[in-house]
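All remarks here apply to the structure that follows.
Numbering (full-length UniProt numbering), first residue to last: 1 to 669.
Here it is in structure tokens:
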């Protein structure tokens, strides 16, 4: 076949393809290849015809042969691209990307429009494959090319926005190069917008700031973006809210941060981050109750802020609301999700605070939970303060051996740490080794004199050590007073001050004040509440006694606060108000149905009201529960006498006289 005949055969093949006679085309091409096996056009036409005849493997082989022969010729690469684009096989996507890369190379110096078309296709392909770094690099080449061609600002703005759309899902990948490309795209987009200020630009800025807030290491960039947006949109609170949340979450509460919190509240008094910021300011200023109130209110609006839950738990700890603090720590951990990077620091802090709160609850279940919380802290065994908490958890759980082992190790490894000596003190105190406990707590105080708990426990040590140390003003009393001065929310220490003034100093008025304060701080402290009421009655101040009892009974849920219902019921009984007495004594019995004395008092109340049958039942119930209550048996007989049941009454009186021969009321009866 001559050169002329080869050209004629190729022309016939082209004509056949144009007329969709693909088999005919293949015949012409094969004839050419018999003569010239490396004929580029023949291989390209075979690829084209085979593709149309749905013979993809043959088509691919033909095109690949063509590109081997002429790697810088377009036709075969274009054919391969078309072939792969139509293919449903997923394994060709990698090959298609390589083909697009080659086409970009070939179009670069020539047809810019085609270069752009291929570039768009390649980016789309990478995006489907979630290859965000390749998306970013390729799209930046497109923008660069457009810039070199002198594209309009508006067109470039749209390209940067498109790049943001392409990369916005990449933030989970944690790839630094892609992340930087996304942030660069945002910066170019916000700086190239036409209408500034404007709604689209404002929303773009919001997206930019939201994106920055996902990257903790971009703090400087975030602060700059928020400040720039505030300058452009001074009435929009969003950038300020993000900035405030950033400061809260960073844990560094500088003067600048406090300034922004105030500014945000001026702009929007109901802003969650603003209210949280104010709560943190109160915490710093040791206004703990205000801190709890503001943080709680702020978290109702902005609940997904782990640091704010942590600060709330901290404030709750300061006012000894330990169970509330545990719940807040749980919320903080939930909001934290899966911790990594800076979040890991928060995770450790939250677990440590949770363990401290559980230690203060001081029961075995809480101690078990505290140990579990400590196990979640990274490097817990190398932190002596965390180890001391663990020692206390073992002590609360009754595992003395483990607690003592930690204590001994801490005293050897960290003899200058107050917590090492305090743990030793707690162990000695629990074993009633008061002399050794005294020495340990004095050592702890020497190293950390501002800790109220150490003074309180030294005071308790003196209280139980001996009558001399209990009565010595320089011992128990002095330590209790120091503890109360250092921590005015420590209810238990005010209770012991009440005990001192009542039992040692004989100062009922001062004792009553201390008990009242203790009860105000801890409404579950029955001992202080009962003592405050009892002393108020002794001092003739029924108003104070009743105000305490009324406050408790108003808040009490059914089956609780027995002591308050009982005290008020007895007061009503003494003051001739039997109906109120009946209601209160019934409420007391709901809390403790087996209290014989309470049944006896209820019988009296019914009797005073003239309800004889129910009075009889109450007295009988009292004597059933406690057969030694002769008075209840006698009152039952007396009620039977009133009801005309004389035989029963006589039998009961005789029964009493058998056991108590000289019981005058029974003789009279």
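Where a beta carbon is used, it is the ideal one built from N, C-alpha and C, also for glycine.
For this session: Please go through the same chain and pick out, in chain order, the residues whose beta-carbon is closer than 6 angstroms to the beta-carbon of residue 451, but skip the five residues on each side of it.
Result: Nothing listed; no residue qualifies.
Under 8 angstroms Cβ to Cβ from residue 20, same chain only, skipping five residues before and after it: list those, please.
Excluding residues up to 5 positions away in sequence, 52 lie with their Cβ nearer than 8 angstroms to the Cβ of residue 20 in the same chain.
| task | Tell me whether residue 666 is buried or exposed, calling it buried when 16 or more other Cβ atoms sit within 10 Å of its Cβ. | result | Note that residue 666 scores 45 on pLDDT, short of 50, meaning its location in the model is unreliable and no value can be drawn from it.
Worksheet item: Are three or more beta carbon pairs between the stretch 35 to 42 and the stretch 53 to 61 nearer than 8 angstroms?
Response: Touching, no, given that fewer than three Cβ pairs across the two stretches are closer than 8 angstroms.
Next item on the list: Determine the DSSP secondary structure at residue 493, reduced to helix, strand or coil.
Entry: Annotated three-state conformation of residue 493 is helix, per DSSP.
Round the Cβ separation of residue 456 and residue 490 to the nearest angstrom and send it over; I've been treating them as touching at under 8 angstroms. With 8 angstroms as the limit, residue 456 and residue 490 qualify as a contact, their Cβ atoms being about 7 angstroms apart.
- Task: Flag this pair as touching only if the stretch 274 to 282 and the stretch 319 to 336 have three or more C-beta atom pairs under 8 angstroms; answer yes or no.
- Result: Contact fails between the stretch 274 to 282 and the stretch 319 to 336, because fewer than three Cβ pairs, one in each stretch, are under 8 angstroms apart.
- Task: Compute the Euclidean distance between the alpha carbons of residue 372 and residue 391, then round it to the nearest angstrom.
- Result: Here the C-alpha atom of residue 372 lies approximately 13 angstroms from the C-alpha atom of residue 391.
**Asked** For the alpha helix (DSSP H) that residue 220 lies in, which residues bound it at each end?
**Response** For residue 220, the enclosing alpha helix (DSSP H) covers residues 219 to 232.
| said: Output needed for residue 271: all residues of its chain with C-beta closer than 7 angstroms, excluding positions within five of it in sequence on either side, in chain order. | reply: 237, 241, 264, 265.
* To do: Pick helix, strand or coil for residue 560, following the three-state DSSP scheme.
  => If DSSP states are grouped into helix, strand and coil, residue 560 belongs with coil.
Helix, strand or coil for residue 32? Go by DSSP, reduced to three states.
DSSP places residue 32 in helix when its eight states are reduced to three.
Problem - Cα-Cα separation, residue 670 to residue 565 - result: The structure shown does not extend to residue 670, since the chain spans only 1 to 669, so no value can be given for it.
Practice item. Just tell me which of 97, 91, 70 has its CA closest to the CA of residue 81. Key: Nearest of 97, 91, 70 to residue 81, Cα basis: 97.
Residues of its chain near residue 258, where Cβ-Cβ distance is below 7 angstroms and the 5 sequence neighbours each way are ignored:
Closer than 7 angstroms at Cβ, skipping near neighbours: 281.
Go ahead and pull the three-state DSSP assignment for residue 666. At residue 666, the pLDDT of 45 sits below 50, so the modelled position is not reliable and the matter cannot be decided from this model.
query: Going by other Cβ atoms of all chains shown within 10 Å of its Cβ, with 16 needed for buried, is residue 144 buried or exposed?
result: Exposed is the call here.
Sort 416, 396, 293, 165 by Cα distance to residue 355 and report the nearest one.
-> If we check each option's Cα against that of residue 355, 396 comes out closest.
To the nearest angstrom, how far is it from the Cα of residue 117 to the Cα of residue 133? Counting only the Cα atoms, residue 133 lies some 20 angstroms from residue 117.
*Cβ of residue 310 within 8 angstroms of Cβ of residue 350?*
One thing to note: residue 310 has its Cβ within 8 angstroms of the Cβ of residue 350.
For this session: Please classify residue 671: is it buried, with 16 or more other beta-carbons within 10 angstroms of its beta-carbon, or exposed?
Result: What is shown of the chain runs 1 to 669, which leaves residue 671 out entirely.
Discussion item. On the criterion of 16 or more Cβ atoms from any shown chain inside 10 Å, does residue 646 qualify as buried, or is it exposed?
Written reply: Answer is exposed; the Cβ neighbour count stays below 16.
For residue 615, collect the residues of the same chain with a Cβ closer than 6 angstroms to its Cβ; drop the 5 residues on either side in sequence, then sort them by chain order. Correct list, in chain order: 603, 606, 607, 639.
Item to complete: Could you pull the start and end residues of the alpha helix (DSSP H) that residue 500 belongs to?
Response: Premise fails: residue 500 is in no alpha helix (DSSP H) and is neither H nor E.
Counted within 10 angstroms of its Cβ, other Cβ atoms place residue 498 as buried (16 or more) or exposed: Residue 498 comes out buried.
Open item on the list: Quick check: the Cα distance between residue 333 and residue 131, rounded to an integer number of angstroms?
Closed with: Between residue 333 and residue 131, the alpha-carbon positions lie close to 33 angstroms from each other.
Notebook entry, point to check: Among residues of its own chain, excluding the 5 on either side of residue 377, which ones have a beta-carbon nearer than 7 angstroms to its beta-carbon?
Noted result: Only 348, 351, 352, 386 meet the Cβ criterion.
| said: Measuring only the C-alpha atoms, how far is residue 4 from residue 30? | reply: The C-alpha of residue 30 is placed about 16 angstroms away from the C-alpha of residue 4.
Distance between residue 104 and residue 114 (C-alpha atoms, nearest Å) = Distance from the CA atom of residue 114 to the CA atom of residue 104, rounded to whole angstroms, is 8 angstroms.
Excluding sequence positions up to five away, which residues of its chain have a Cβ less than 8 angstroms from the Cβ of residue 62?
Excluding sequence positions up to five before and after residue 62, its CB lies within less than 8 angstroms of the CB of 43, 44, 46, 47, 50, all in the same chain and listed in chain order.
Review point. Does the separation of the CB atoms of residue 439 and residue 417 fall below 8 angstroms?
Key: Their beta carbons are not under 8 angstroms apart, which means residue 439 does not touch residue 417 by this criterion.
From the DSSP output, in three-state form, read off residue 141 for me.
For residue 141, the three-state secondary structure derived from DSSP is helix.
* Going along the chain, which unbroken runs of the alpha helix (DSSP H) with 4 or more residues stay wholly within the stretch 430 to 470? -> You should have 434 to 447, 452 to 465.
Span separating the alpha-carbon of residue 654 from that of residue 610 = If I take the Cα positions, the gap works out to 25 angstroms.
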